[in-house]
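**Q** Protein chains in written order, with our numbering: chain A, 118 to 366; chain B, 118 to 366.
There are 2 protein chains.
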Amino acid sequence: MNPLDNIRIVLVGTLYSGNVGSCCRAMANMGISKLRLAAPDIQDPDFREAVKLAVHATDILDARETFTTFEEAVADCVAVAGTTARGGLYRQHVKTPRETAPELLELAAQGPVAIVFGREDKGLLNEEVAQCTHLVRIPVAEGYTSINLSQAVMITAYELFAASGVYVPPHEKAPLAPQGQKEQMYAQWRDMLQTIGFMDDKQSDHMMQGIHRVFSRGVRTRDDAAIMLGVARQARWAAANLPAAPRES
Amino acid sequence: MNPLDNIRIVLVGTLYSGNVGSCCRAMANMGISKLRLAAPDIQDPDFREAVKLAVHATDILDARETFTTFEEAVADCVAVAGTTARGGLYRQHVKTPRETAPELLELAAQGPVAIVFGREDKGLLNEEVAQCTHLVRIPVAEGYTSINLSQAVMITAYELFAASGVYVPPHEKAPLAPQGQKEQMYAQWRDMLQTIGFMDDKQSDHMMQGIHRVFSRGVRTRDDAAIMLGVARQARWAAANLPAAPRES
Numbered sequence: 118m119n120p121l122d123n124i125r126i127v128l129v130g131t132l133y134s135g136n137v138g139s140c141c142r143a144m145a146n147m148g149i150s151k152l153r154l155a156a157p158d159i160q161d162p163d164f165r166e167a168v169k170l171a172v173h174a175t176d177i178l179d180a181r182e183t184f185t186t187f188e189e190a191v192a193d194c195v196a197v198a199g200t201t202a203r204g205g206l207y208r209q210h211v212k213t214p215r216e217t218a219p220e221l222l223e224l225a226a227q228g229p230v231a232i233v234f235g236r237e238d239k240g241l242l243n244e245e246v247a248q249c250t251h252l253v254r255i256p257v258a259e260g261y262t263s264i265n266l267s268q269a270v271m272i273t274a275y276e277l278f279a280a281s282g283v284y285v286p287p288h289e290k291a292p293l294a295p296q297g298q299k300e301q302m303y304a305q306w307r308d309m310l311q312t313i314g315f316m317d318d319k320q321s322d323h324m325m326q327g328i329h330r331v332f333s334r335g336v337r338t339r340d341d342a343a344i345m346l347g348v349a350r351q352a353r354w355a356a357a358n359l360p361a362a363p364r365e366s
Numbered sequence: 118m119n120p121l122d123n124i125r126i127v128l129v130g131t132l133y134s135g136n137v138g139s140c141c142r143a144m145a146n147m148g149i150s151k152l153r154l155a156a157p158d159i160q161d162p163d164f165r166e167a168v169k170l171a172v173h174a175t176d177i178l179d180a181r182e183t184f185t186t187f188e189e190a191v192a193d194c195v196a197v198a199g200t201t202a203r204g205g206l207y208r209q210h211v212k213t214p215r216e217t218a219p220e221l222l223e224l225a226a227q228g229p230v231a232i233v234f235g236r237e238d239k240g241l242l243n244e245e246v247a248q249c250t251h252l253v254r255i256p257v258a259e260g261y262t263s264i265n266l267s268q269a270v271m272i273t274a275y276e277l278f279a280a281s282g283v284y285v286p287p288h289e290k291a292p293l294a295p296q297g298q299k300e301q302m303y304a305q306w307r308d309m310l311q312t313i314g315f316m317d318d319k320q321s322d323h324m325m326q327g328i329h330r331v332f333s334r335g336v337r338t339r340d341d342a343a344i345m346l347g348v349a350r351q352a353r354w355a356a357a358n359l360p361a362a363p364r365e366s
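(1) Consult DSSP for Phe187(A) and reduce its assignment to one of helix, strand or coil.
(2) Pull up the distance between the alpha-carbon of Phe187(B) and that of Gln298(A), whole angstroms please.
(3) Can you list, in chain order, the residues of its chain whose CB lies under 7 Å from that of Pro162(B), leaving out five sequence neighbours each side?
(4) Answer with yes or no whether the minimum CB distance from Ile264(B) to chain A is below 9 Å.
(5) Determine the DSSP secondary structure at Glu182(B), reduced to helix, strand or coil.
(6) Would you verify that the beta carbon of Gly148(A) is, or is not, closer than 9 Å to some beta carbon of chain B?
(7) Tell me where the beta strand (DSSP E) around Ala196(B) begins and ends.
(8) Between the Cα of Ile177(B) and those of Tyr261(A), Pro360(A) and Ala361(A), spot the shortest distance and give me the residue it belongs to.
(9) What residues in the region 235-267 of chain A have a beta carbon less than 9 Å from any beta carbon of chain B?
(10) Give the interface partners of Met271(B) over in chain A, defined as CB-CB distance under 8 Å, in chain order.
(11) Taking 9 Å as the cut-off, decide whether the C-beta atoms of Ala202(B) and Gly240(B) are in contact.
(12) By the 10 Å Cβ neighbour count, where 16 or more other Cβ atoms means buried, how is Trp306(A) classified, buried or exposed?
(13) May I ask you to report which of helix, strand or coil DSSP gives Ile264(B)?
(14) Using a beta-carbon distance cut-off of less than 8 Å, what residues from the region 124-139 of chain A approach chain B?
(15) Kindly indicate which three-state DSSP category Val348(A) falls into: helix, strand or coil?
(16) Give the DSSP-derived three-state secondary structure of Val137(B) in the structure shown.
(17) Using a cut-off of 8 Å between C-beta atoms, extract the partners of Phe164(B) located in chain A.
(18) Determine contact between the region 141-150 of chain B and the region 267-278 of chain B, defined as no fewer than three beta-carbon pairs at a distance below 8 Å.
(19) Between the Cα of Met325(A) and those of Met309(A), Thr338(A) and Glu245(A), spot the shortest distance and give me the residue it belongs to.
(20) For a cutoff of 9 Å on Cβ pairs, would you count Ala143(B) as touching chain A?
(21) Suppose you measure from the CA of Leu152(B) to the CA of His210(B); what does that come to, to the nearest Å?
(22) With Val211(B) as the anchor, note down where its beta strand (DSSP E) starts and where it stops.
(23) According to the neighbour-count rule (16 or more other Cβ atoms, all chains shown, within 10 Å of its Cβ), is Leu293(A) buried or exposed?
(24) So, is the C-beta of Arg215(A) closer than 9 Å to a C-beta in chain B?
(25) Could you list which residues in chain A have their beta carbon closer than 9 Å to that of Phe278(B), in chain order?
(26) Using the C-alpha atoms, what's the distance from Glu182(B) back to Tyr284(B)?
(27) For the alpha helix (DSSP H) containing Ile328(B), list its first residue and its last residue.
(28) Is the separation between the beta-carbon of Pro219(A) and that of Cys194(A) shorter than 9 Å?
(29) Would you mind sorting Leu359(B) into buried or exposed? The rule is 16 or more other CB atoms within 10 Å of its CB.
(30) When burial is assigned at 16 or more other CB atoms within 10 Å of the CB, is Ile328(B) buried or exposed?
(31) For Val127(A), is the beta carbon positioned less than 8 Å from some heavy atom of the ligand ATP?
(32) Apply the 10 Å Cβ neighbour rule to Asn123(A) and answer buried if 16 or more other Cβ atoms are within range, or exposed otherwise.
(33) Report yes or no: is there a C-beta of chain A within less than 9 Å of the C-beta of Ala180(B)?
(34) Three-state secondary structure (DSSP) at Thr338(A)?
(35) Any idea what DSSP makes of Gly314(A), helix, strand or coil?
(36) What would DSSP say about Ile126(A), mapped onto helix, strand or coil?
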């Protein structure tokens, strides 16, 4: 099974419906679909703002589970990771989401794992933090540590998604150019640059070092080498075959 | 200098003022302060929504620079990293923010580096993508690839911030318990568990294996060991000294 299916995003005492919607969208982006609200304090009975901001992730919003207390919301979870922006008592063994993600996924392979986010204004209470098996703090710049709720959900979900290995980063499909093809390209360029009068025979070795420097960074794939070889061929042909333009006066 | 100071977050053709505000807040969280708008298409002349959602990051909002075109907004930048959710032509050499961050920071140590984000509805145009020196795609789950603009800014800024080394993850300050202290603790527990009648002499070695298993995971620091040693001492004292409670009937 995919351990992300065992992740429960638990929002505690959330005040703003819109934040719940934004959280749903962030969760959908990161392949997490189970949302729980614990003791929500939302003054928007129809969750209108939530529906609006969830965009196409309303399935997550509709499937949310609501609990009266924090304790009930995490009762079936084999691990409870609380997120906190503050330091202090009970919060000293806090780690970053990146450090914690692999362990949380291992645990999620065995049972439900709660990732808990506190109130917009005051986060998790000390008595809630004390019930967490793990504590997570998102790295932030000094002087501006207050993260929007859905942004905190996004970063934590992103680290879990990244650690899950579900996503395979895209890689250039084009095969890399072998050295022989590059040498052909350089030979064509040397000829062409002499033909068009960019350099004479004596300057060639020196000038070609500059060309090598640029192409060694820029020409990676067979396609790259083929394009640049074609440019040289065509320039040589044009210099020999196109009628000279009238000189500018 | 801090290379994050040379990062320019460039929003192209942005439609919603609120998103600009949320971007400012995310930037502040991640230690990036220079915002540019290229050809904004915002129907909120006073940026009211932006001010509201920037929360305490209005200094970034107020200091924003606005340009008529994409080209002008990135003209002074030594690297231009475009973010794109789509694949296709011109977009094959895309990398993840995590892969790209170290190189972008190296470049930012030498000059301004633009991180470019397209329109909420259609992202960057092909002609804009073609002008980028780097392409970045945030890893997302298949089937829900549309990321909110400020969330995309947050993840990209977060990866730059994490790679910058500005943030030092918190680590437990309490010194780890040396083995000798742990042995004292286990000795106290053995005595105590016999005293309270939890195990007799014959069972002790077996039972202590269970205690070792639990404490080997749970007792890490000197403080941890001191607490558990104190528990054992107190339980032994209580068993010997407290008056017996009346039996429940």
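Where a beta carbon is used, it is the ideal one built from N, C-alpha and C, also for glycine.
**A** Put simply:
(1) Taking the first residue of the first sequence as position 1, residue 187(A) is located at position 70. For Phe187(A), the three-state secondary structure derived from DSSP is helix.
(2) To locate residue 187(B), count along the second sequence from 1; it is residue 70. To locate residue 298(A), count along the first sequence from 1; it is residue 181. One C-alpha to the other measures close to 37 Å.
(3) Position 45 of the second sequence holds residue 162(B). Hits under 7 Å: none found.
(4) Against the second sequence, residue 264(B) aligns to sequence position 147. True, the Cβ-Cβ gap to chain A drops below 9 Å.
(5) By one-based count along the second sequence, residue 182(B) stands at place 65. In the structure shown, Glu182(B) sits in a strand (DSSP, three-state: E or B).
(6) Translated into positions along the first sequence, residue 148(A) becomes position 31. Yes - at least one Cβ of chain B is within 9 Å of the one on Gly148(A).
(7) Here residue 196(B) is taken as the residue at index 79 of the second sequence, counted from 1. Residues Ala196 to Thr200.
(8) Here residue 177(B) refers to the residue found at position 60 of the second sequence. The shortest Cα separation from Ile177(B) among Tyr261(A), Pro360(A) and Ala361(A) belongs to Tyr261(A).
(9) For chain B, the residues of the region 235-267 of chain A that bring a beta carbon within less than 9 Å of one of its beta carbons are Arg254, Ile255, Pro256, Val257, Ala258, Glu259, Gly260, Tyr261, Thr262, Ser263, Ile264, Asn265 and Ser267, in chain order.
(10) Within the second sequence, the letter at position 154 stands for residue 271(B). Neighbours of Met271(B) on chain A, chain order: Gln268, Met271 and Ile272.
(11) Reading the second sequence from its first residue, position 85 is the one you call residue 202(B). Reading the second sequence from its first residue, position 123 is the one you call residue 240(B). A contact, by the Cβ cut-off of 9 Å.
(12) Numbered from 1 along the first sequence, position 189 holds the residue referred to as residue 306(A). It counts as buried.
(13) In the second sequence, the residue the question calls residue 264(B) occupies position 147. The three-state reading of DSSP puts Ile264(B) in coil, since its state is none of H, G, I, E or B.
(14) Interface annotation for the region 124-139 of chain A against chain B: Ser139, criterion Cβ-Cβ distance under 8 Å.
(15) The residue you call residue 348(A) lines up with position 231 of the first sequence. Note: Val348(A) maps to helix in three-state DSSP.
(16) Stepping through the second sequence from its first residue, residue 137(B) is reached at position 20. Three-state result, Val137(B): helix.
(17) Along the second sequence, one-based indexing puts residue 164(B) at 47. Going along chain A, no residue has its Cβ under 8 Å from Phe164(B), so there is no contact; the nearest lies around 18 Å.
(18) yes
(19) Stepping through the first sequence from its first residue, residue 325(A) is reached at position 208. From the listed residues Met309(A), Thr338(A) and Glu245(A), the smallest Cα separation to Met325(A) is found for Met309(A).
(20) For the purposes of this step, residue 143(B) is taken as residue 26 along the second sequence, with counting starting at 1. For Ala143(B), the answer is yes, since a Cβ of chain A falls inside 9 Å of its Cβ.
(21) Reading the second sequence from its first residue, position 35 is the one you call residue 152(B). Reading the second sequence from its first residue, position 93 is the one you call residue 210(B). Computed Cα separation, rounded: 26 Å.
(22) Translated into positions along the second sequence, residue 211(B) becomes position 94. It is not in any beta strand (DSSP E) - Val211(B) carries neither H nor E in the DSSP assignment.
(23) Looking up residue 293(A) in the first sequence gives position 176. Leu293(A) is exposed by the Cβ-count criterion.
(24) If you number the first sequence from 1, residue 215(A) lands on position 98. So, interface residue.
(25) One-based indexing of the second sequence puts residue 278(B) at position 161. Going along chain A in sequence order, the residues near Phe278(B) (Cβ under 9 Å) are Pro256, Val257 and Ala258.
(26) To locate residue 284(B), count along the second sequence from 1; it is residue 167. To locate residue 182(B), count along the second sequence from 1; it is residue 65. The alpha-carbon atoms of Tyr284(B) and Glu182(B) are separated by roughly 27 Å.
(27) In the second sequence, counting from the first residue as 1, residue 328(B) sits at position 211. That run of the alpha helix (DSSP H) goes Ser321 to Gly335.
(28) As a first step, residue 219(A) must be located in the first sequence, where it is residue number 102. As a first step, residue 194(A) must be located in the first sequence, where it is residue number 77. No, the pair does not count as a contact, with Cβ atoms beyond the cut-off.
(29) Translated into positions along the second sequence, residue 359(B) becomes position 242. Leu359(B) comes out exposed.
(30) As a working mapping, residue 328(B) is identified with position 211 in the second sequence. Under this definition Ile328(B) is a buried residue.
(31) For the structure depicted, the ligand ATP is absent and the ligand set is empty, with no information on it obtainable.
(32) Here the question's residue 123(A) lines up with position 6 in the first sequence. Result: buried.
(33) Taking the second sequence and counting its residues from 1, the one referred to as residue 180(B) is at position 63. So, not an interface residue.
(34) Walking along the first sequence from the start, residue 338(A) turns up at place 221. Three-state DSSP puts Thr338(A) in a strand.
(35) The count along the first sequence starts at 1 and reaches residue 314(A) at position 197. Looking at Gly314(A) - three-state DSSP - the assignment turns out to be coil, as it is neither helix nor strand.
(36) Numbered from 1 along the first sequence, position 9 holds the residue referred to as residue 126(A). Residue state for Ile126(A) is assigned as strand, using DSSP reduced to three classes.
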